[in-house]
């Protein structure tokens, strides 16, 4: 045994290999984490197109990401739809004052645009706070009315004569092109079919919290609407998330309607405070703007806090970051989350880096 050890040492010496202990240190790989940054907006309430760093918004309420990565923003008090591409902010449509005229981007107006959705062809659909109609903005920035006669009311009918309430609070488009509208004032989810009819999909019109069949279900304070690949709708309803199946059954997906708060955990344990809006990624994860936090809900309903703490403005590590009344959210193909940070007049970004 000793002879073999000596022989081994001799061979190492002949080979010029040193047995001296290395004093160099190996730098451990950087641990990835969720980081919040300011994607666009200088924080000054106003209107200014240009580079992301100097552009200004005034109460951005929603944000969506098109298939090519272009971002559209519902810039409410500026009455415009803004476009962000290649680091530049521009006006996509809207004359800049309260107006409900349709037509090309140079003459079309909006009345506090608040919620946005995209179809498979990247056509944009908009809801305005003070215009009870569903409108479409084509990729060429031509604005047209899809549904609603402009009367603040409730009426299921053909799209030309149907009525919605003011302050609709969510919109989603399914794979076939049917549009779902969260009609907040009427406490209903409405469906605009590709055949041109508007009908009630869920809700009996009463303010309450009742699960069950769609025509007898009740919604309390619904805000935020998304649809998954299976055709299930999810509605943010005050401090919980409701689920509506394609065959019209309403249930509580996550959260506890009887208790408000912040608590991560399984569907029956998690708590929400005040849900403002929802978005969904390609894997079926839902993201909710919940007061001043961004929450993530898995397809199984488990909840975690992705970012946010107290109200304010602070970039950096997600758990310490601050938002001030975040509303609309969107997720790109890389899993980055974009947030319309209303009171900070900025578009924020959450990325894993």
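In this note's numbering, the protein residues as written are 479 to 831.
Heads up, the beta-carbon is just placed ideally off N, CA and C, and yes, glycines get one too.
Values in this document were obtained by computation on a predicted structure and should not be read as measured data.
Asked: Three-way DSSP call (helix, strand, coil) for residue 810 in this model; Found: coil
Asked: Whole-Å CB distance - residue 602 paired with residue 555, under 8 Å assumed; Found: That belief does not hold up - the Cβ atoms of residue 602 and residue 555 are roughly 19 Å apart, past 8 Å.
Asked: Separation of residue 737 from residue 827, as counted between CA atoms; Found: 30 Å
Asked: Residue 760 versus residue 809 - alpha carbon distance; Found: 9 Å
Asked: Cβ pair residue 713, residue 726 closer than 8 Å; Found: no
Asked: Whether residue 779 touches residue 732 by CB criterion (8 Å); Found: yes
Asked: Segment contact flag, the segment 785-797 with the segment 755-772, C-beta cutoff 8 Å, min 3 pairs; Found: yes
Asked: Among 811, 813, 655 and 822, the one whose alpha carbon lies nearest that of residue 802; Found: 822
Asked: Cβ pair residue 688, residue 637 closer than 8 Å; Found: no
Asked: Extent of the continuous beta strand (DSSP E) to which residue 754 belongs; Found: 753-758
Asked: Counted within 10 angstroms of its Cβ, other Cβ atoms place residue 668 as buried (16 or more) or exposed; Found: buried
Asked: Segments assigned beta strand (DSSP E), at least 3 residues, entirely inside the segment 660-689; Found: 666-670 and 676-680
Asked: Alpha carbon of residue 532 to alpha carbon of residue 750, nearest angstrom; Found: 34 Å
Asked: Supposed contact pair residue 734 and residue 718 - C-beta distance, whole angstroms, cut 8 Å; Found: 6 Å
Asked: Unbroken beta strand (DSSP E) run spanning residue 651, endpoints; Found: 649-651
Asked: Neighbour-count burial assignment, residue 679, 16 or more Cβ in a 10 Å radius; Found: buried
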